[in-house]
Amino acid sequence: VHALLPQIGWASAFVLGAIVSPPDAVAASEVFQRFSVPRRIIAILEGEGLVNDATALVIYRFAVVAVTAGTFSPVVAAASFAFVAIGGVLGGLALGYLGAQLIRWAVRSTIADSLLTNLLFLVFPYAIYLSTDALGVSGVLATVVAGIFISRTASHEIDADSRLTATAVWQLLIFLLNGLVFLLIGLQIRTIVQDPAFVAHMWWIGAVISVLAIAVRIAWVFPSTYAPRRFSIRLRQRDPSPPWRYVAIIAWSGMRGIVSLAAALALPVSIPGGAAFPGRSEILFVTFCVIFTTLVIQGLSLIPLIRFLGIDGGDRKQEEIDARVAALRAGLKRLHKLEKHFGSVEEWEVQGRIIAEYEYRVSHLLGHVTRNHEETSEAGIDHRFQNEALAAERAEILRLRNAGEIPNEIFTRLQYDLDLADARLR
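Counting the sequence shown from 1 gives a position; our numbering is that position plus 1325.
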């Protein structure tokens, strides 16, 4: 960057490098949802997205400070980076532990409902970020670490209503934030490209840096995968080297996206003293070029590359069915274990009805989808009948609500239950 744009200075060059360095795991995951790939590839990319986003933003923070301060020392920056990163991880573990305990206390004391629990989910990231950032360590790393800790230690204690609400809330929130950031970068670029001379000078620089961003990732992923295993027998035994085709997919899944956009937009307009931030327009334009190039070239070619390399992650639909069947059979096993404690006819009757329902669901799932994903005639009839019954239930509760026989509150709860039943059929 400094060689292509010497006028922006070393510190601003580091800013741009930090902005375009983290890949967007969400972009790759969206592509992989349409094609079956091994879970190991997805796990690596998603884990990389979490950690690389945080480390890139820490580097970005130091580079921006160097621009505004006017000085930059690699030695001081490296030492500060270590302190900030380690402090962020430790702070995230501590606050994650406190957050998990708070969630457990709220659930066990029965003071939390689905709305209050999701309010905690929304507040926690900001509280963790702001508190650790005030201590001078990485708020981003702390938030990531705390989120992982809470999801692994306390998420199973959250009730079903809270999880269902959280899914809807976060899907909508992420969609809105992604759309907002792309809208804002579009508004920024619109003002920048009004100067034809600027665009004529910058477009080829954006193209060169985009190619370099792709090439550097490829040049890094292969050695970083095989070199540690070459020199460590224990690592080779515990985690053998993956096939080169897997590594190729990971190397090519380097699309840039939302984090780079947000970091570019967060650049200050001016530095202390009133001068404009050096190279801000150039940084925004090149960032847009890198995102556009990687999303279009790598994003559109990823599925053809997966097909060309013959990578197959197995039958995901069958895996899901097998997991559902295993869960249902665990429920059946538990119901049969309760028999020795029965002391009334009513318990036997209720248990029999529940077992019959579970056994029906198991047989329904086993016959639901064949190996070639063709729906059986029995499954088709089952779906048709259940959809007809659900439609009749919806019509009836709507009639009751419109006739004033039930209040809207009851209608909403019944409709919610029917929606869940309908979702289970899909």
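Just so it is clear, CB atoms sit at the ideal spot from N, CA and C, and this is done for glycine as well.
Sequence-distant residues of the same chain with beta carbon closer than 8 Å to residue i, five excluded per side
{"i": "E1699", "result": "Confidence in E1699 is poor, its pLDDT being 49 and thus under 50, which makes the residue's placement too unreliable to answer from."}
{"i": "F1667", "result": "W1673 and Q1676"}
{"i": "L1653", "result": "Y1683, R1686, V1687 and L1690"}
{"i": "F1736", "result": "I1722, L1723, L1725 and R1726"}
{"i": "G1413", "result": "A1379, V1383, T1457, V1462, S1463, G1464, V1465, L1466, A1467 and V1470"}
{"i": "V1650", "result": "V1687, L1690 and L1691"}
{"i": "D1484", "result": "V1432, S1439 and T1442"}
Residue i CB to nearest heavy atom of the ligand HEM below 6 Å
{"i": "V1494", "result": "The model on display carries no ligand, and the ligand HEM is accordingly not part of it."}
Residue environment, residue i, which counts as buried when at least 16 other CB atoms sit within 10 Å
{"i": "Y1758", "result": "Nothing can be reported for residue 1758: it is not among the residues displayed for the chain, which extend from 1326 to 1751."}
{"i": "Y1741", "result": "exposed"}
{"i": "P1548", "result": "exposed"}
{"i": "A1552", "result": "exposed"}
{"i": "D1349", "result": "buried"}
{"i": "R1386", "result": "buried"}
{"i": "T1618", "result": "buried"}
{"i": "F1710", "result": "exposed"}
{"i": "F1446", "result": "buried"}
{"i": "A1328", "result": "exposed"}
{"i": "N1269", "result": "Lying outside 1326 to 1751, the shown extent of the chain, residue 1269 is not represented and no answer is given."}
{"i": "Q1562", "result": "exposed"}
{"i": "V1448", "result": "exposed"}
{"i": "F1500", "result": "exposed"}
{"i": "G1416", "result": "buried"}
{"i": "F1556", "result": "exposed"}
{"i": "P1331", "result": "exposed"}
{"i": "Q1496", "result": "exposed"}
{"i": "I1616", "result": "buried"}
{"i": "Q1519", "result": "exposed"}
Residues near residue i by beta carbon distance below 6 Å, same chain, minus five either side
{"i": "F1339", "result": "A1388"}
{"i": "I1475", "result": "G1421, G1424 and A1425"}
{"i": "E1645", "result": "none"}
{"i": "D1747", "result": "L1715"}
{"i": "A1379", "result": "V1465, L1466 and V1469"}
{"i": "T1550", "result": "V1572"}
{"i": "F1523", "result": "none"}
{"i": "I1731", "result": "L1725"}
{"i": "G1656", "result": "Y1683"}
{"i": "A1381", "result": "A1343, S1346 and P1347"}
{"i": "M1527", "result": "F1610"}
Whether residue i touches residue j by CB criterion (7 Å)
{"i": "A1352", "j": "G1582", "result": "yes"}
{"i": "S1337", "j": "G1604", "result": "yes"}
{"i": "L1609", "j": "A1591", "result": "no"}
{"i": "S1463", "j": "A1410", "result": "yes"}
{"i": "V1546", "j": "A1525", "result": "no"}
{"i": "M1580", "j": "L1620", "result": "yes"}
{"i": "L1586", "j": "V1533", "result": "no"}
{"i": "S1566", "j": "L1370", "result": "no"}
{"i": "G1511", "j": "C1614", "result": "no"}
{"i": "E1482", "j": "V1432", "result": "yes"}
{"i": "I1680", "j": "L1660", "result": "yes"}
{"i": "L1745", "j": "E1718", "result": "no"}
{"i": "I1636", "j": "R1570", "result": "yes"}
Residues that DSSP places opposite residue i in a beta bridge
{"i": "A1655", "result": "None, per the DSSP bridge assignment."}
{"i": "S1595", "result": "A1601"}
Beta-carbon proximity list for residue i, same chain, < 7 Å, skipping 5 on both sides
{"i": "D1458", "result": "G1464"}
{"i": "L1573", "result": "Inspection of the sequence shows that residue 1573 is occupied by Ala rather than by Leu. Closer than 7 Å at the Cβ level, and outside the excluded window around A1573, lie L1634."}
{"i": "L1375", "result": "V1469"}
{"i": "A1544", "result": "none"}
{"i": "L1739", "result": "I1722"}
{"i": "A1479", "result": "A1425, I1428 and R1429"}
{"i": "P1597", "result": "T1393"}
{"i": "D1762", "result": "What is shown of the chain runs 1326 to 1751, which leaves residue 1762 out entirely."}
{"i": "I1344", "result": "Y1385, S1585, A1588, A1589, I1608 and T1612"}
{"i": "I1333", "result": "P1603, G1604 and E1607"}
{"i": "F1397", "result": "W1335, A1336 and A1391"}
{"i": "V1356", "result": "G1624, L1627 and I1628"}
Looking at C-beta atoms only, is the number of pairs between the segment 1595–1604 and the segment 1377–1393 that lie closer than 8 Å three or more?
-> Taking a cut-off of 8 Å on C-beta distances, the segment 1595–1604 touches the segment 1377–1393, as three or more cross pairs fall below it.
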